[in-house]
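S.K.: Here it is, the structure, as C-alpha cells.
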C-alpha cells in the first residue's frame with residue numbers, strides 16, 4: 003500500500019538533495035526563478051505503484067496564478083541511463099534513489115540552484131523544444147517556449163537576443179497551422195499580444211510582483227537568473 007507517509011518521505015528525500023526547492027503540494031517541490039516557477043513533480047504513474055520525477059516550468063506573467071499554474075511550459079521527465087522515463091517503484095525508492103538523483107542532477111540540476119545561468123536555462127529549453135515529441139506536434143507548446151525565451155531576455159535586458167528570438171518566432175509561426183493553434187486566436191493575434199507585453203513591460207513587471215506576492219507562491223524560496 004502506498005501511504006501518504008511514504009510519499010511525504012520520498013518528497014523529503016528529493017528536497018534534501020535540492021534544498022533550494024520548497025514543498026508546494028504533496029507531490030511537488032518548487033522555487034520561483036524571477037519570471038517563472040521551476041521545480042519537480044513526483045507524478046504517480048497511472049495504474050502503477052511507481053512515481054516519475056518530472057522537471058517543470060510555469061510562467062508568472064499571466065493575469066493570475068490560476069492561469070499561470072494551469073499548465074506547465076516545460077514538462078520534462080527525468081530519463082534513466084537507457085533514455086527512458088525514470089519510473090521508480092514506491093516500495094523500492096531507496097534502491098533507485100541514488101541513480102535517479104544522478105540523472106536529475108545531470109539533466110536539470112543546473113536549473114534548481116539559487117543562481118541559474120541563462121545559458122544553461124536556454125540549453126534546457128532548446129533541447130526540450132527540439133526533442134520532445136509533444137512539443138514537435140503542438141505549435142502552442144512551441145509558442146509558449148519561444149515566449150518564455152523572449153521574456154527571459156527582456157527581463158535581463160539582452161536586446162540583441164530579443165531581436166534574434168523575434169526572428170525565430172516569425173520563422174516558426176509560418177509553419178503553424180491555424181487549426182492546431184488556439185481556438186479563435188490566430189498566430190498573428192498571439193504575436194501581437196507578445197509584442198504588446200514587450201512594449202508595456204512595466205505592466206508585466208507589476209503582474210509578476212502581484213503573482214509573486216500571492217500567498218502560496220510567496221512561501222517559496224527565490225532563485226535568480228544570472229548572465
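In our numbering, the protein residues as written are 3 to 229. We put the beta carbon where it would ideally sit given N, CA and C, even for glycine.
Among the candidates 95, 76, 54, whose CA atom is the shortest distance from the CA of residue 87?
M.R.: 54
S.K.: Quick check on residue 103: does DSSP put it in helix, strand or coil?
M.R.: helix
S.K.: Give, in chain order, every unbroken run of the alpha helix (DSSP H) that is at least 4 residues long and sits entirely within the stretch 157-202.
M.R.: 161-175, 189-201
S.K.: Using DSSP bridges, identify the partner residues of residue 79.
M.R.: 56
S.K.: Quick one: grab the DSSP three-state call for residue 132.
M.R.: Helix, per DSSP.
S.K.: If I'm right that residue 161 touches residue 36 with Cβ under 8 Å, what's the distance once you round it to whole angstroms?
M.R.: For a cut-off of 8 Å, the C-beta gap from residue 161 to residue 36 is around 17 Å, too long to register as a contact.
S.K.: To the nearest angstrom, how far is the alpha carbon of residue 102 from that of residue 111?
M.R.: Going by the C-alpha atoms only, they are around 12 Å apart.
S.K.: What three-state label does DSSP hand residue 39 in the structure shown?
M.R.: strand
S.K.: From residue 89 to residue 188, what does the alpha carbon distance come to, in whole angstroms?
M.R.: Between residue 89 and residue 188, the C-alpha separation is close to 38 Å.
S.K.: Measure the CB-CB distance between residue 57 and residue 75 and report whether it falls below 9 Å.
M.R.: no
S.K.: Do the stretch 198-215 and the stretch 139-157 touch if we need at least three Cβ pairs shorter than 8 Å?
M.R.: yes
S.K.: By the 10 Å Cβ neighbour count, where 16 or more other Cβ atoms means buried, how is residue 72 classified, buried or exposed?
M.R.: exposed
S.K.: Taking all protein chains shown into account, decide if residue 146 is buried (16 or more other Cβ within 10 angstroms of its Cβ) or exposed.
M.R.: buried
S.K.: Grab me the residues of residue 214's own chain with a C-beta within less than 7 Å of its C-beta, minus the 5 sequence neighbours each way, in chain order.
M.R.: 34, 62, 220
S.K.: Note down, in chain order, each residue of its chain lying with its Cβ closer than 7 Å to the Cβ of residue 2, except the 5 sequence neighbours on either side.
M.R.: In the structure as shown, the chain starts at 3 and stops at 229, and residue 2 therefore has no counterpart that could be examined.
S.K.: Specify, as a first and last residue, the run of the alpha helix (DSSP H) that residue 11 falls within.
M.R.: 6-19
S.K.: May I ask you to report which of helix, strand or coil DSSP gives residue 32?
M.R.: In the structure shown, the three-state DSSP call for residue 32 is strand.
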